[in-house]
Structures are given as C-alpha cells and as structure tokens.
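Engineer: Below you will find the structure I want to go over with you.
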Amino acid sequence: MAYAIADADAIAASPGAHPAGSRFDRDVGQVLGVSAFGIFQIDLPPNEETVRHDHREDGVEDVYAVVRGSGSVVIDDREISVRPGQFIAVTAESARQVRAGREGLTFIAACAPPR
Numbered sequence: 004m005a006y007a008i009a010d011a012d013a014i015a016a017s018p019g020a021h022p023a024g025s026r027f028d029r030d031v032g033q034v035l036g037v038s039a040f041g042i043f044q045i046d047l048p049p050n051e052e053t054v055r056h057d058h059r060e061d062g063v064e065d066v067y068a069v070v071r072g073s074g075s076v077v078i079d080d081r082e083i084s085v086r087p088g089q090f091i092a093v094t095a096e097s098a099r100q101v102r103a104g105r106e107g108l109t110f111i112a113a114c115a116p117p118r
C-alpha cells in the first residue's frame, strides 16, 4: 500500500501498551500501519493531565504538536505554557507531563528512539 489515511475521530481512545498511556490517547500510527515511530492524538478534557514519565529505559524522544486548546507542558519540573501551532521536543532523560487548561488541549505526540 502506497498510503493510508486515518480519521482521528473514528479511532477509539484507549491507554494502549505505553506505561504512561491515558484513556485520551488515539493510536493513529497503528491505524495507519506505521512502524518506524509512534504517533498519537491526545484529546485532554479541561483540566486533565497526562501521566508524568520519562523514557530513560527505552530511549524514546517525544515531539508534541499542539493542535487546539490551551495548557502547559511540565518538563523536569518547569511548567511551560503552550498554544496551537507550537512544537515541543523532549529528550528521553527528561520527565514530562502535559496539562490541559480550561479549554482542554489536543496535541499530536510523535515518539521514536534517536537514529
């Protein structure tokens, strides 16, 4: 197959196998058949947050792309406000947690070990 298309609204949200997975995660990569990296859409309701975690054991780096809403990312205890259109890269060693604001927060998470 040369391409695949997925509609995030048609993908059931579920925590999946990731230890920091949440009931708000949509595994877009699985639906698309992507195996080189993980890609998820996370739809956090107002004032919800992801599990604080790092990737020291598996070496995975994360990039978050904020799609809509408001909130912040906490990286190694530093809270950084985020807005739609911003991308945030987090190294494997850093602890990270995403927090939704009053509007909720939708972001895309791309996850892979360094090349």
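Take the position in the sequence shown, starting the count at 1, then add 3; the result is the number in the numbering used here.
Virtual Cβ for every residue (Gly too), placed ideally from N, Cα, C.
In this text, all values refer to a predicted model and were calculated from it rather than measured experimentally.
1) Indicate whether Cys114 and Gly62 have their beta-carbon atoms separated by less than 7 Å.
2) Please say whether Ala103 and Glu51 have beta carbons closer to each other than 7 Å?
3) I'd like the list of long-range same chain contacts for Gln100, defined as Cβ closer than 8 Å, with 5 residues on each side in sequence excluded.
4) Give me the Cα-Cα distance between His21 and Asp30, rounded to the nearest whole angstrom.
5) I think Pro87 touches Val69, with their Cβ atoms under 8 Å apart; what is that distance to the nearest whole Å?
6) Quick one: what's Ser75 bridged to in DSSP?
Structural biologist: Straight from the coordinates:
1) Not closer than 7 Å, so no.
2) Cβ distance < 7 Å, so Glu51 and Ala103 count as in contact.
3) Around Gln100: Glu52, Thr53, Val54, Arg55, His56, Val76 and Val77.
4) Approximately 11 Å, taken between the alpha carbons.
5) Right, the Cβ-Cβ distance comes to about 5 Å (below 8 Å), so this counts as a contact.
6) Its beta-bridge partners are Ser84 and Arg102.
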